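Presented below is the structure to which this report refers.
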Amino acid sequence: VSGECEANFDLGMRSNYATTHALLESCRSLKTQPTVFFASSIAVFGTTAHHAFPSEILDTTLPTPQTSYGIQKLIGEQLMADYARKGFIKARTARLATVSVRAGQPNGAASGFFSGMIREPLNGVRCTIPVKPDVVHSLSSPAKTVQHIIACVEASDEAWGSLTALNLPAVPTTVGEMADTLRRVAGDQVHDLLDWKIDPAIERIVSGWPTRMGSPRALALGMKPNASFEEIVRAHIAENHANMRV
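Those letters in the sequence shown? Residues 41 to 286, per this note's numbering, in order.
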């Protein structure tokens with residue numbers, strides 16, 4: 041994942057490039073043109089002082105990754121497109137927004153706090169937020185993300201269109217609004233388990249990602265984003281209430 045790929049280049053290349061290539065070679069050897077879904081990422085888009093984002097990132101926006109993870113995902117996108125062009129597979133590549141709220145334990149992703157800042161306090165555990173409250177990010181619930189992946193795989197070649205990747209729908213929100221939503225839904229006691237301490241390494245990675253994603257191709261296929269981040273939080277509570285400690 042993103043943070044680990046920056047810290048360990050070889051691990052990232054093995055996980056995101058070598059395994060993707062090996063999978064595609066296995067599919068090619070089948071000679072049956074199987075449908076392959078590749079989970080790419082909004083990390084294929086990046087911004088620098090010399091390259092500002094447009095107001096909205098569209099399916100056709102030129103990828104400009106600024107992290108090892110983003111570059112490895114873009115390599116995967118291009119491999120998928122070429123294997124499809126050659127007729128070895130039917131490619132379905134989608135750029136996933138950050139999935140929140142993920143169940144389970146924290147991982148090495150720079151985006152992990154987007155789940156942790158909701159999941160951990162609801163379990164009675166403190167969570168440190170490593171970026172400023174005004175950071176904007178686009179999110180999708182686990183259930184919505186799964187629905188979108190299924191829609192991608194089930195889409196006909198005619199409906200899918202281009203061999204290139206599409207952006208999955210997501211709801212934009214600020215980190216401050218996420219914290220406010222937690223307070224509104226779960227109360228002050230839970231909200232007060234949040235701590236704010238800037239981590240320059242994580243902030244640098246997150247600030248280089250796009251904030252608002254346009255998804256015209258996905259919308260044309262019938263996919264829709266979550267209505268709000270509050271909907272995401274309430275769904276997480278409903279699905280995991282039995283395991284929560286507060």
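Beta carbons are placed, not taken as given, at the ideal position from N, Cα and C, and that holds for glycine.
Every value quoted in this text rests on a predicted model; they were computed, and no experiment measured them.
Nearest-angstrom Cα distance between Ile115 and Tyr57? 7 Å
One or two residues paired with Asn207 in a DSSP bridge: Arg135
Just to confirm the assignment, what range does the beta strand (DSSP E) spanning His177 have? Val176 to Ser180
Using the DSSP secondary-structure output, state which residues sit across from Ile97 in a beta bridge. Met253
By Cβ distance below 7 Å, which residues in the same chain neighbour Ser268 in space, the five residues on each side in sequence not counted? Val211
Meets three-Cβ-pair contact criterion under 8 Å: the stretch 47-55 and the stretch 160-168: no
In angstroms, rounded to a whole number, what distance separates the CA positions of Ser202 and Asp235? 44 Å
In terms of residues, what are the limits of the beta strand (DSSP E) holding Leu114? Where Leu114 is concerned, there is no enclosing beta strand (DSSP E), although the alpha helix (DSSP H) it sits in stretches over Ser108 to Arg125.
Sorted by chain position, which residues of the same chain lie with C-beta nearer than 7 Å to Phe77's C-beta, five sequence neighbours on each side aside? Arg132, Ile189, Cys192 and Val193
Measure the alpha-carbon distance for His90 versus Gly248 and round it to whole angstroms. 12 Å
Do Val273 and Val84 count as a contact pair if the criterion is CB distance below 8 Å? no
Put Ser80 into one of helix, strand or coil per three-state DSSP. strand
I need the straight-line Cα distance from Pro94 to Met253, nearest angstrom please. 10 Å
Let's see if you can read the secondary structure: which residues bound the beta strand (DSSP E) around Ile169? Cys167 to Ile169
Supposed contact pair Ala134 and Ser80 - C-beta distance, whole angstroms, cut 8 Å: 6 Å
List the endpoints of the continuous beta strand (DSSP E) containing Asp235. Leu234 to Trp236
Below 8 Å on the Cβ atoms is my contact criterion, and I expect Phe153 with Leu179 to pass it. Report the Cβ-Cβ distance as a whole number of Å. In fact, because the Cβ distance is near 12 Å, the residues do not count as touching under 8 Å.
Using alpha carbons as the reference points, say which of Val175, His281 and Val225 lies closest to Val215. Val175
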